[in-house]
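Note sheet for the following structure.
There are 2 protein chains.
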Amino acid sequence: MRSPEELTIAFRRAGLKVTPQRQLLFRLLHDNSSHPTADSLHSAATTVMPGISLRTVYQTLTDLAEMGELQSIEVGSGSLRFDPNVSDHHHAVCDGCGDVHDVYVSKAPVLRGLDDFSVSDAHIVYRGQCGACSALVATK
Amino acid sequence: MRSPEELTIAFRRAGLKVTPQRQLLFRLLHDNSSHPTADSLHSAATTVMPGISLRTVYQTLTDLAEMGELQSIEVGSGSLRFDPNVSDHHHAVCDGCGDVHDVYVSKAPVLRGLDDFSVSDAHIVYRGQCGACSALVATK
DNA sequence: ACCTTATCTGCATCAATTGCTAATTAGCAA
DNA sequence: TTGCTAATTAGCAATTGATGCAGATAAGGT
Ligand SMILES: [Mn+2]
Ligand SMILES: [Mn+2]
Ligand SMILES: [Zn+2]
Ligand SMILES: [Zn+2]
């Protein structure tokens with residue numbers, strides 16, 4: 223995702239308005255690698271701007287996704303997560319704390335059983351334990 | 223997933239009862255490679271046994287999953303899909319018709335960016351077009 | 001400063017799933 | 001067979017995540 227300044231220009235160019243709510247979300251999302259949910263973003267936004275609506279958070283996230291500034295991913299946590307990192311990567315989910323980490327794979331694996339199917343995209347979700355959670359279990 | 227006959231024995235052994243509803247679901251799931259949702263299973267069940275409750279379908283699916291007889295997968299279609307194929311495999315989802323196909327991967331890809339994370343499982347979701355949908359587009 | 005149009009908020013709605021409970025029934029034992 | 005008891009069912013309420021809707025508001029070009 224581009225910087226708040228660049229997004230401001232991009233939004234105006236697209237005929238969209240740049241509101242204080244959107245500027246705040248631009249800032250909260252920029253360089254955010256936590257893969258937040260709409261709800262967690264709303265919580266974070268509320269501490270800075272009390273009264274901001276969850277509906278507006280969803281709306282802005284949808285706009286950003288449509289502009290290709292972020293992607294939404296589904297890792298089985300019940301709710302959608304938003305990712306300003308739009309590079310080609312995958313995700314590792316900790317079964318202990320639920321945190322989502324970025325993962326990069328060297329090359330796409332070879333497939334079997336896919337006659338007559340043209341693949342346009344692949345997404346891998348790894349599950350396991352992060353370092354912190356492994357340490358916790360070890361000391362118990 | 224094992225056969226309806228074997229499941230009958232397994233359920234009894236586990237202190238669970240084998241009801242007509244459950245037997246029907248055993249049959250509908252056995253060798254079913256369509257990755258059905260709870261709702262689609264309920265529809266199929268209803269044609270044979272009118273009045274069977276969606277709640278009962280969910281309950282039985284949960285029981286079977288807890289016994290390891292089936293797995294539930296999430297491929298971004300909004301609802302959970304159930305898979306009596308519990309072998310180690312992955313899935314290809316057609317963006318045209320939504321159908322889910324089994325995929326087998328030769329070997330796990332090499333990772334980067336995962337220091338300090340112990341992976342216990344990996345699931346790959348491929349997206350693209352199935353043969354039928356590709357053909358449709360071509361003839362249009 | 002003004003005007004048009006996009007946006008915001010609050011609330012209703014929706015879809016998938018789970019919680020709850022009275023009535024029913026499977027399956028074991030007498 | 002019959003009876004007993006715990007498991008199950010069906011139906012409905014509740015929950016969660018997300019989207020639809022509309023009147024009030026405000027961005028930003030003129
Ligand atoms: Mn990511
Ligand atoms: Mn499968
Ligand atoms: Zn963790
Ligand atoms: Zn298809």
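Those sequence lines, one after another, are chains A and B.
Under this note's numbering, the final residue of the first sequence carries the number 362; numbering is consecutive throughout.
Under this note's numbering, the final residue of the second sequence carries the number 362; numbering is consecutive throughout.
For glycine and all other residues, C-beta sits at the position ideal for the given N, C-alpha and C.
For a test of your reading of the model: does the CB of Asp-321 of chain B fall under 7 Å from any non-hydrogen atom of ligand 4? Yes or no. Distances between the C-beta of Asp-321 of chain B and the heavy atoms of ligand 4 include at least one below 7 Å.
In three-state terms, what does DSSP make of Cys-355 of chain B? The answer is helix: DSSP assigns Cys-355 of chain B an H, G or I state.
Cβ of Ala-354 of chain B within 7 Å of any heavy atom in ligand 4? Inclusion of Ala-354 of chain B in the 7 Å shell around ligand 4 follows from its C-beta lying nearer than that to a non-hydrogen atom of the ligand.
For Asn-307 of chain B and Gly-318 of chain B, the rounded distance between their alpha carbons: Their Cα atoms are separated by approximately 23 Å.
Whole angstroms is fine: what's the gap from Ser-299 of chain B's alpha carbon to Arg-334 of chain A's? If you take the alpha carbons of Ser-299 of chain B and Arg-334 of chain A, they lie about 23 Å apart.
From what residue to what residue does the beta strand (DSSP E) around His-264 of chain A run? Counted as a single uninterrupted DSSP element, the stretch harbouring His-264 of chain A is not any beta strand (DSSP E) but the alpha helix (DSSP H) occupying residues 260-270.
Ala-314 of chain A - containing beta strand (DSSP E), residue span: Run containing Ala-314 of chain A: 312-316, per the beta strand (DSSP E) assignment.
Grab the span of the alpha helix (DSSP H) containing Arg-277 of chain A for me, first residue to last. Taken as a continuous stretch (DSSP letters only), the alpha helix (DSSP H) holding Arg-277 of chain A covers 276-288.
From the DSSP output, read off the bridge partner residues of Gly-350 of chain B. According to DSSP, Gly-350 of chain B bridges with A:Val-341 and B:Cys-316.
Element boundaries [alpha helix (DSSP H), containing Arg-234 of chain B]: For Arg-234 of chain B, the enclosing alpha helix (DSSP H) begins and ends at 226-235.
Along the chain, where does the beta strand (DSSP E) containing Val-322 of chain A start, and where does it finish? For Val-322 of chain A, the enclosing beta strand (DSSP E) begins and ends at 322-327.
Relative to ligand 2, is the shortest distance from any of its heavy atoms to the C-beta of His-311 of chain B smaller than 7 Å? Yes, ligand 2 has a heavy atom inside 7 Å of this Cβ.
Please compile the residues from chain B whose C-beta is within a distance smaller than 9 Å of the C-beta of Arg-334 of chain A. Simply Val-325, Tyr-326, Val-327 and Ser-328.
When the Cα atoms are used, what is the spatial distance from Val-240 of chain B to Leu-292 of chain A? The alpha-carbon of Val-240 of chain B is positioned some 49 Å away from that of Leu-292 of chain A.
Does ligand 3 have a heavy atom nearer than 7 Å to the CB of Gln-281 of chain A? Result no, Cβ not under 7 Å from ligand 3.
Pairwise C-alpha distance: Ser-225 of chain B and His-252 of chain B: Taking the straight line joining both Cα atoms gives about 6 Å.
Ligand 1 heavy atoms versus the CB of Asp-305 of chain B: any closer than 7 Å? For ligand 1, not one heavy atom lies less than 7 Å from the Cβ of Asp-305 of chain B.
Chain B partners of Gln-351 of chain A, CB-CB under 8 Å? Result: Phe-339, Ser-340 and Ser-342.
What residues in the region 284-297 of chain B bring their beta carbon closer than 8 Å to a beta carbon of chain A? When CB distances to chain A are screened at a threshold of 8 Å, the residues of the region 284-297 of chain B falling below it are Glu-296, in chain order.
Ser-356 of chain B and Ser-340 of chain A closer than 8 Å at C-beta: The beta carbons of Ser-356 of chain B and Ser-340 of chain A sit closer together than 8 Å.
Under the rule that 16 or more other beta-carbon atoms within 10 Å means buried, what is Arg-244 of chain A, buried or exposed? Its Cβ being crowded by 16 or more others within 10 Å, Arg-244 of chain A is buried.
Rank B:Gly-273, B:Val-270, B:Leu-283 and B:Asn-254 by C-alpha distance to the C-alpha of Phe-233 of chain B and give the top, closest one. If you compare the alpha carbons of B:Gly-273, B:Val-270, B:Leu-283 and B:Asn-254 with that of Phe-233 of chain B, the shortest gap goes to B:Leu-283.
Compute the distance between the beta-carbons of Ala-260 of chain B and Leu-276 of chain B, then report whether it is under 8 Å. Result yes, Cβ atoms of Ala-260 of chain B and Leu-276 of chain B sit closer than 8 Å.
Please confirm whether Ala-314 of chain A and Leu-336 of chain B have their CB atoms less than 8 Å apart. Taking 8 Å as the Cβ cut-off, Ala-314 of chain A and Leu-336 of chain B qualify as a contacting pair.
Out of A:Leu-286, A:Ile-274, A:Val-270 and A:His-257, which one is the CA nearest neighbour of Thr-230 of chain A? The option with the nearest alpha carbon to Thr-230 of chain A is A:Leu-286.
Along the chain, where does the alpha helix (DSSP H) containing Leu-247 of chain A start, and where does it finish? Per DSSP, Leu-247 of chain A belongs to the alpha helix (DSSP H) from 242-251.
Using the beta-carbon of each residue, which ones in chain A are nearer than 8 Å to Pro-331 of chain B? One finds Val-327, Ser-328, Lys-329, Ala-330, Pro-331 and Ile-346 in chain A with Cβ atoms closer than 8 Å to the Cβ of Pro-331 of chain B, taken in chain order.
C-alpha gap between Ser-309 of chain A and Gly-290 of chain A, whole angstroms: Our two residues, Ser-309 of chain A and Gly-290 of chain A, have alpha carbons roughly 11 Å apart in a direct line.
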